[in-house]
Amino acid sequence: MGHCILDEYQAREVLQYLYRKYKSIRKLATLLGVSKSSLHRWLKGESIPTIGRIKLCEQLSEDELLQILKGPQLLRQYNIVDESGRLNKTLVLAIIDALMQDEILKDEVLGYLLKYYKQEIMERLSETLPKIELKWSSDFEKWLTEKKSKPISVRTLRDYRNLWYRCLEGKVLGWHLLKQLEGKKMLCHDNEYHSTNWARQIVRHYVRFLYASGKLDWDTYSRLLLIIPGRRYGRKLAQKPIHEEDIIETLRKLDEKRRGDILTLYLLILASATRFEHALEALNTWNPEEELYVPYLNRNIKRLECLNEHCRYYLGKENDIKPAGFIFFPRILLLLINTFKGKLPNRRNIYKVVKKLGGLPGKYIRIFAMREMLNILGDNDVTKFILSKFGELTVSARHYRYLVEEADKIYPKYIERWLELVNKAIGLQVGSGFELIRL
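Note that the working numbering has the sequence shown beginning at 173, numbered continuously upward.
Written out as structure tokens, the structure reads:
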């Protein structure tokens, strides 16, 4: 565990645990990098110095530390519970409040709670939800077939309606129903058990419909989608191997054939892991000065905002079936974007050009970028926010503002990898600009 330090009481508990585990002063002294005489003194009660407490902490994983340090004796040690078992509630609440005042500490606490106590948290969240009675309506049908980002077919509508009346009509979207939707099967109106796979999907559509109709506030909407997993919730990335040399070769061929327009699209996807269709739409409708209100930021923003090293372009598709919030990309890429914005061919023609050149389709560029980003930035809420994987976030929308701030801090780490790939493909010192690229 990096940057880990224990206090005297905690260090002594860990030391006793390690001594019982190794049953050898010599082995434990070697492990900690201290002399046997020092270890003897620590075991006999001498104060453990700071460097020793750091080394003790680094020997165990977070889970192992929690197993050793948790328990009634820990609560008594810090006067949270007295000898008779009475809770010092004021102290507990003060500690929690102090932790929540710091965004980094708050993220650690929330992450821990969701990791170990997610079920209990979900139960409490569901208790605070407004009582929503599920009723099929013509407005819902119209939204599904006309207004949804990806309208459904007449056949799918019929299947949705049949399943709705069989399992969902008249039920209240409260804790009892949410518990049923968590399982593989649920008891329906016909007194038979049916799969919850499509039922969850329909309920998620209904929640989106209520939000789009102004009947749900943003925070309730995002909490409901967090509680009700979709059919693809937690889906792993495609298993097909994608090699770096194939990415480089694709970019090189586009450069050699002077397809700067498609190259710009591919570089944007590689920089952001944005879906092909979203990146293409952004480039063809590029409108950086347009102002929009973003609920979770609680302010108006221009679609394009740039920092020292990177920019963010706001798409505002968080509620779509294939969601997209911000496109993060290196600031240096603006040169190409401004050159080719509004000039890209349609999706079909791009496929034809790339296929004729023997290059990779855009979706493989995205998957490769996603894997690289998760590897470099870590598999956490901030990275998932950059990737617009809203369905996999462990926090509700009220915390998205913090995620934007953290994303701005960590994204530049990925730019280094992006520059390395572009340099290999195009053979330019990209750090000095794209002035020499063959357009």
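The beta carbon of each residue, even a glycine, is placed where N, CA and C say it ideally should be.
Note that the coordinates shown come from a computational prediction; the quantities given were computed from them, not determined experimentally.
Between residue i and the rest of its own chain, which residues show a CB-CB distance below 6 Å, the 5 nearest in sequence each way excluded?
| i | result |
| --- | --- |
| Tyr536 | Ile414 |
| Arg332 | Reading off the sequence shown, one finds Tyr at residue 332, where the question assumed Arg. Within the same chain, Tyr332 has close Cβ partners Ile374. |
| Val281 | Leu271 |
| Gly497 | Glu490 and Ser560 |
| Ile220 | Ala183 and Trp214 |
Using the Cα positions of residue i and residue j, report the straight-line distance between them to the nearest angstrom.
| i | j | result |
| --- | --- | --- |
| Ile419 | Arg543 | 13 Å |
| Cys339 | Lys425 | 54 Å |
| Leu388 | Phe381 | 9 Å |
| Asn369 | Tyr189 | 46 Å |
| Val584 | Gly355 | Looking at the sequence itself, residue 584 is Pro, so the reference to Val does not match. Their backbone Cα atoms lie some 41 Å apart in a straight line. |
| Glu341 | Tyr365 | 15 Å |
| Lys307 | Glu449 | 34 Å |
| Asp362 | Asn260 | 52 Å |
| Thr457 | Lys513 | 7 Å |
| Leu506 | Tyr485 | 11 Å |
| Ala597 | Leu286 | 42 Å |
| Gln273 | Lys528 | 56 Å |
| Arg503 | Asp269 | 38 Å |
| Arg327 | Cys360 | 22 Å |
| His482 | Leu469 | 19 Å |
| Gln291 | Val567 | 14 Å |
| Tyr181 | Gly217 | 11 Å |
Could you please give the first and the last residue of the uninterrupted alpha helix (DSSP H) stretch that includes residue i?
| i | result |
| --- | --- |
| Ala597 | Tyr572 to Ile598 |
| Arg424 | Glu416 to Glu428 |
| Asn472 | Asn472 -> not in any alpha helix (DSSP H); beta strand (DSSP E) instead, spanning Arg471 to Lys474. |
| Val525 | Arg519 to Leu529 |
| Gln188 | Glu180 to Tyr194 |
| Ala445 | Counting along the chain, Ala445 falls outside any alpha helix (DSSP H), and DSSP gives it neither H nor E. |
| Trp458 | Per DSSP, Trp458 belongs to no alpha helix (DSSP H) and is neither H nor E. |
| Asp331 | Val326 to Cys339 |
| Asp391 | Trp390 to Ile399 |
| Lys556 | Asp553 to Ile558 |
| Glu564 | Counting along the chain, Glu564 falls outside any alpha helix (DSSP H), and DSSP gives it neither H nor E. |
| Asn260 | Unbroken run through Asn260: none, as it is neither H nor E. |
| Arg213 | Lys208 to Leu215 |
For residue i, I'd like the list of residues in its chain whose CB is within less than 8 Å of its CB, leaving aside the five on either flank, ordered along the chain.
| i | result |
| --- | --- |
| Ala451 | Leu437, Leu440, Ile441, Ser444, Ile499 and Gly534 |
| Gly406 | The predicted model places Gly406 with a pLDDT of 43, which falls under 50 and marks its position as unreliable; any figure quoted below should be read in that light. Around Gly406: Glu564. |
| Val554 | Leu575, Glu578, Ala579 and Ile582 |
| Glu462 | Lys474 and Arg475 |
| Gly335 | A small fix is needed here, since residue 335 is Leu in this sequence, not Gly. Cβ neighbours of Leu335 beyond the five flanking positions: His366, Trp370, Ala371 and Ile374. |
Can you tell me where the beta strand (DSSP E) with residue i in it begins and where it stops?
| i | result |
| --- | --- |
| Gly224 | First-last for Gly224: Thr222 to Cys229, but that is the alpha helix (DSSP H), not the beta strand (DSSP E). |
| Glu463 | Glu463 to Val466 |
So what does residue i bridge to, in DSSP terms?
| i | result |
| --- | --- |
| Ser367 | Lys357 |
| His482 | Pro502 |
| Val344 | Glu305 |
Just to confirm my understanding: we take residue i, look at its own chain, exclude 5 residues before and 5 after, and list those with CB closer than 7 Å. What are they?
| i | result |
| --- | --- |
| Gly488 | Leu464 |
| Lys515 | Asp433 |
| Gly205 | Lys227 |
Contact the segment 529 to 549 vs the segment 469 to 483: 3+ CB pairs below 8 Å: no
Cβ contact check for the segment 478 to 493 and the segment 412 to 431: 3 or more pairs under 8 Å: With a cut-off of 8 Å, the segment 412 to 431 and the segment 478 to 493 do not count as touching, because too few Cβ pairs lie within range.
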